[in-house]
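Below: the structure, in structure tokens.
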Amino acid sequence: MGSIFQIILQRLALGVITLLIVSMVIFVAVNALPGDFAQAILGQGATDEAVAQIRADLGLDQNYFMRYFSWLGNVVTGNLGISFAQMNFASNMGGDQLVGVVEQIAPRFKATMFLAGVTAMFAVPISITLGVLAALYRNSIFDRAVNITTLSSISSPEFFLAYILILVLAVLNPIFPSLSNVYEGMALGEKLNRTMLPALTLTLVVTAHMMRMTRAAIINLLASPYIEMARLKGISPMRVIVRHALPNALAPIINVIALNLAYLITGVVVVEVVFVYPGIGQLFVDSVKIRDIPVVQACCLIFAAAYILLNLMADILSILSNPRLRHPK
Amino acid sequence: MSWLMNLIFLLIVAAVVAWVFRFAGQKITGNKPFFRDMPFAVAFGYVVGLLVLIGAVSYYFRPVEVNGVPAAGVIFFRWAVQGFIGFAIAAYLFRLFGRTVGTSGTRKLFRAMPLTAAFGVLVILIYALVSIFAGSIAPYGQEEIFANANIVPGGNPMMGGDPNFPLGTDQIGRDIYSRLIYGAQNTVGIAFATTCLAFFVGGSLGFLAAIVGGWLDQILSRAVDVLMAIPALIFALLLMTIASVWSNQLGIDRTIFMILIIAMIDSTRVYRLARAVGQNIVVMDYIEAAKLRGEGMGYLIFKEILPNATAPLLAEFGLRFCFVFLTIASLSFLGVGIQPPLADWGTMVKDLSQFINFAAFAPNVATAPLLAAGAIALLTVAVNFVVDWMLHKSSGLKD
């Protein structure tokens, strides 16, 4: 058992190191901006004293290394800075109750997690069922129809699927609202109702991939001798797959599910924009457009961290489920 | 919730009919193996499929207009079905054409081709032709602005259309049909150039790492690992933010920055594959022989390794093109990709998207954004079908 913990610890350490290097990449990228933040905040008509004041406030007069480490220290202690939009508002309107980036992101992060959770709740059972059925009736009309449909939905852009769903389920048959303006303190039923269309769009995108991998994993196993044995015993095909093939195919399937949840993070940006869902992706795109660097930086870091974490989880789960990987040569 | 009750009721009916169908089949055919060994689930599947087919056909022939109000659902369904059948017939005819015309090699290729792959090849050919000859096909220029904005598609003056603009004009009066055609040139052309750049950079570096090995391989591979740890779209958005500031200051077009950024991000994925494929080839004897002959690095990469790595790289090229194309479309859709006045499908979808809300009473109006989005989807689906077929063929998978 000791070796398993060792491997997991190794992977975790590797993940932390990756995250550190990624934070460095993000820091360097942001600091490749021409001019500096002070000018970006104040705009063109800024006086020299004001620029110098803000530079000193933000610590821009220090060298790169010091700034990186102070930024990193702030990030670790949960201080992601204050957005330019907030600073601008404060300097123009004279307010002094600044809302930090953390307070801005927190509710949106929760909303995105809710969306991802609802999506996973639909996508995982549907894709496994479809994958098992497609493996069971492989090369039939059903298999081919599912294959063509999933291949088409993987390859379409997310916004195409989103608008088709809006057209069918919101405009032509008003079942769900096309704007998902959820807010905190909303009743769960209403929240689910409004989240339904973005969740369905993401489900379409993710299900296709998971279902194809489930099918491939099961078909891969069907050639093995113990399946042949089970068949010769006279068990029904459904039982062969559910009792004998599926448990052994679970490892690659779990791996694919984790990887697809990681993919959800990227897909969520476009879908949130289409449905005006108040998640972190929407905030990210809005900040990109107005070049609100602190928010962009923070969102980027969160996306990267979630992505690395989910990939790490896929890695660890596949090691745990496969005894051969537990004992590296 | 009434539709849910109806659905459950229909499923129960289907289950009963399925049982009767199997039972009757067994009795009538005298227990033929087809019916005798049929699991209940299969019978149920047949019945549900039949029900869906009946429902679709009856929905298709519902009246288009009820009391002067257009039944939008029926109209959209007819368009979808007509498009689907039209493409299926076109793909079939194209495959038939390929089987009878051409050299024996191409005829053989077409004979073993599934319909989906024929459809893919046909669509790719059409897109290539349209994007090359966009200037002579499009009736107007992509930046030409006309006096009448927001002309409704359909070309019917009674409905607010104009026969001169078959797909109408957009919010500032540019012809949508011409912009769709130019969009093929811009979006597909830029995506193609980006993919080529990504392949050139990623492929050469990957092969170089495979040949040289050692510290160069280590440095490149670790750098690629780090870049791949950031989700592609997120990284592209971050870099585009910075590029937009740079492009204002340097006066260089933002589109060029976008090409470089996306090529950089995607070349990491190409590098991975090229290195893996290259490492399998480098250990071959003929590479050793070439090295002993004293051939240079360029010769080794382009004359010895590349010809032997074409098949996997070609399939990867198709998939990579799809990714690049979708990333560019998504960036443009989010407003930071290809910049106006260049016509581009992603931007068109974003600009015209609000017209979808009019679909219920004016189906024509909603077609413009869907056509632009559909144009993107059609090409990526087509490329994926072709790649799927190529992979299937080269892997020799039959099951």
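Just so you know, the sequences run in chain order A and B. Reminder that position 170 of the first sequence reads as 370 in this note's numbering, one-by-one numbering, no gaps. Reminder that position 206 of the second sequence reads as 795 in this note's numbering, one-by-one numbering, no gaps. No residue lacks a Cβ here, since even glycine has one placed at the ideal position from N, Cα and C.
Contacts of residue i in chain A (Cβ-Cβ under 7 angstroms)
i	result
Thr545/B	What the structure shows of chain B is the stretch from 590 to 988, and residue 545/B is not part of that stretch, so it cannot be assessed.
Cys911/B	Ser355
Ala918/B	Pro357
Ala661/B	Leu372
Val801/B	In chain order: nothing, as chain A lies at least about 23 angstroms away.
Ser942/B	Tyr363
Val871/B	Correct list: empty, because the minimum Cβ distance to chain A is about 23 angstroms.
Distance cut-off 6 angstroms: residue i Cβ against heavy atoms of the ligand NAP
i	result
Gly300/A	Absent from the structure shown: the ligand NAP. Ligands present: none.
Chain-ordered neighbours of residue i on chain B, where CB pairs are closer than 7 angstroms
i	result
Ala229/A	Leu827, Leu828 and Ile831
Ala232/A	Ile831
Arg440/A	According to the sequence shown, residue 440/A is Val rather than Arg. Here the premise fails: no neighbours, minimum Cβ distance about 12 angstroms.
Ile465/A	Pro820
Val473/A	Leu923
Phe342/A	Gly634
Any chain A beta carbon closer than 7 angstroms to residue i
i	result
Asp988/B	Reliability fails at Asp988/B, whose pLDDT of 41 lies under 50, so the model's placement of it is uncertain and no value is given.
Ala607/B	no
Ala812/B	no
Val815/B	yes
Phe922/B	yes
Leu915/B	yes
Ile823/B	yes
Chain B contact for residue i (CB, 7 angstroms cutoff)
i	result
Arg491/A	yes
Phe503/A	yes
Leu319/A	For clarity, residue 319/A is Thr in the given sequence; the question names Leu instead. With 7 angstroms as the cut-off, Thr319/A does not count as an interface residue toward chain B.
Ile282/A	no
Tyr363/A	yes
Phe360/A	yes
Val496/A	yes
Val488/A	yes
Val485/A	yes
Val302/A	no
Val470/A	yes
8 angstroms contact criterion, which residue i and residue j should meet: CB distance rounded
i	j	result
Met847/B	Leu920/B	7 angstroms
Phe475/A	Ala962/B	15 angstroms between Cβ atoms; not a contact.
Leu367/A	Thr401/A	Contact doesn't hold; Cβ gap of about 12 angstroms is too wide.
Ala798/B	Leu805/B	6 angstroms
Val301/A	Ile282/A	7 angstroms
Neighbour list for residue i in chain A, Cβ cutoff strictly below 9 angstroms
i	result
Ile819/B	Val222, Val225, Ile226, Cys500, Phe503, Ala504, Tyr507 and Ile508
Asn946/B	Ile366, Ala370, Val371 and Ser378
Val938/B	Pro357, Phe359, Phe360 and Tyr363
Residue from the options whose Cα sits closest to the Cα of residue i
i	options	result
Tyr729/B	Gly657/B, Gly757/B, Gly791/B and Thr956/B	Gly757/B
Pro742/B	Arg763/B, Leu968/B, Val777/B and Ile850/B	Arg763/B
Gln943/B	Phe598/B, Ala932/B and Pro958/B	Pro958/B
Leu510/A	Ser521/A, Asn460/A, Leu351/A and Tyr477/A	Asn460/A
Thr350/A	Ala430/A, Thr403/A and Arg443/A	Thr403/A
Pro752/B	Ile740/B, Ala717/B and Leu881/B	Ile740/B
Pro587/B	Asn953/B, Ile713/B, Val975/B and Ile870/B	Only positions 590 to 988 of chain B appear in this structure, which leaves residue 587/B out of reach.
Ile678/B	Val712/B, Ala951/B, Arg651/B and Val801/B	Val712/B
Ala311/A	Ser518/A, Leu421/A and Ala399/A	Ala399/A
Gly317/A	Ala458/A, Leu501/A, Gly215/A and Thr329/A	Ala458/A
Val382/A	Ser356/A, Asn279/A, Gly467/A and Pro307/A	Pro307/A
Leu640/B	Thr618/B, Val653/B and Phe598/B	Phe598/B
Tyr635/B	Tyr888/B, Ala863/B and Ala603/B	Ala603/B
Gly907/B	Gly614/B, Ala971/B and Ala701/B	Ala971/B
Pro703/B	Leu714/B, Arg688/B, Thr692/B and Ala717/B	Arg688/B
Phe342/A	Val690/B, Ile876/B and Ala632/B	Ala632/B
Partner residues on chain B for residue i, Cβ-Cβ distance less than 9 angstroms
i	result
Leu351/A	Thr705, Val970, Asn973, Phe974 and Asp977
Thr218/A	Asp814, Val815 and Ala818
Self-check item: Under 8 angstroms (Cβ pairs) to chain A, residues found in the region 749-771 of chain B
Solution: Those residues of the region 749-771 of chain B that come within reach of chain A (Cβ to Cβ, closer than 8 angstroms) do not exist; the list is empty.
Quiz prompt | chain A contacts made by the region 950-980 of chain B, where a contact means CB separation under 8 angstroms | solution = Under the 8 angstroms Cβ criterion, the region 950-980 of chain B contributes Ala955, Pro958, Leu959, Ala962, Gly963, Ile965, Ala966, Thr969, Val970, Val972, Asn973, Phe974 and Asp977.
Self-check item: Cβ-based contacts, 7 angstroms cut-off: residues of the region 852-864 of chain B near chain A
Solution: Look at the region 852-864 of chain B: it has no residue with a C-beta under 7 angstroms from a C-beta of chain A.
Quiz prompt | Chain-ordered residues of the region 713-741 of chain B with a beta carbon less than 8 angstroms from chain A | solution = Residues of the region 713-741 of chain B with a C-beta atom less than 8 angstroms from some C-beta of chain A do not occur.
Quiz item: Just by C-beta distance, which residues in the region 653-680 of chain B are closer than 8 angstroms to chain A?
Solution: Result list: Ala661, Gly662 and Phe665.
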